[in-house]
Structure formats: structure tokens, C-alpha cells
Amino acid sequence: MTDAYSMVKHILLQHPVDIHLIINRSRNEKQGIDTMNRMVLTVKRFLKHDIRPPLGTIPDDSAVVEAVIAQHPFILHKPKSKASVAMEQITKQFLGELSKKKINSGFLNRLKRLITER
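Structure (C-alpha cells):
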């Protein structure tokens, strides 16, 4: 969490922007939510900045390690794994927020097609 806080601080000092939070490798949902809440409160207290509602957590999943060894993206290597399902949900939520803002780019459109056409 210290590294994440340092990165958020660096970004906000350079150019204040909306920060979207994703907790990676959480042991369970409760731990992920607790970590998110601590980060949101810490940023608000010390940096006087509100983090956008967190996008979610990606569970610690051996499928990610297997994908790294195989040198494949985990979402393609094991699309039904817990981490892949969580990433898909987070991506859909994020793209939904972007479409509400009507932000479009070639990359985002391709990413959206990749996720929704599965």
C-alpha cells in the first residue's frame, strides 16, 4: 500500500486528476475492501483529494502466475479464473464510466470489443 500511496501522491502533485483505485492480489473480498477504505481515507486525509469510487479488487490467483510463466495475458490464458472474471467486471465498469463521459479512442473501443465479445 505504501508504493500505491507514493504513486498517487506523485501523480497528484504533478497534475491533479481523477484517481481510479483497483486493489490487486487481495486474499479475500473483505481484505480488498479494507485496503481500499484505508487508501481512500489516507489520500483524503493527507493529500486532501477524493479518490473516485474504487473499481474493485482482483483476487490473488495462481492462474496469474501460470500465465506469467507461459508469457500470456492471464485474462486470455485462463478466462474463467477468479482474477480474469474480476478484471472483466472492473473493465466493464470502467468502460461504462467512460461511455457516460463520451470519451472514445481507438484503444478503448478495441478494449471494449475484446471484453464484450467474449
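Numbered according to my numbering, the sequence shown spans residues 15 to 132. Note that CB positions come from ideal geometry on N, CA and C, so glycine has one too.
Count the other CB atoms within 10 Å of the CB of residue i; is the residue buried (16 or more) or exposed (fewer)?
i: K58; result: exposed
i: P30; result: exposed
i: L27; result: exposed
i: G70; result: buried
i: T16; result: exposed
i: G46; result: buried
i: A81; result: buried
i: S95; result: buried
Tell me whether the beta-carbon of residue i lies closer than 8 Å to the beta-carbon of residue j.
i: V78; j: A100; result: no
i: R41; j: I72; result: no
i: I89; j: E102; result: yes
Sort the options by Cα distance to residue i and report the nearest one.
i: L61; options: K23, K92, V82; result: K23
i: D32; options: G46, N38, A81, H63; result: H63
Alpha carbon to alpha carbon, what distance is there between residue j and residue i?
i: V54; j: P67; result: 9 Å
i: Y19; j: N51; result: 13 Å
i: M21; j: I36; result: 13 Å
i: K11; j: D74; result: Outside the shown range of the chain (15 to 132) lies residue 11, about which nothing can therefore be said.
i: G110; j: I104; result: 10 Å
i: S76; j: Q85; result: 14 Å
i: D48; j: I65; result: 15 Å
i: F108; j: E43; result: 19 Å
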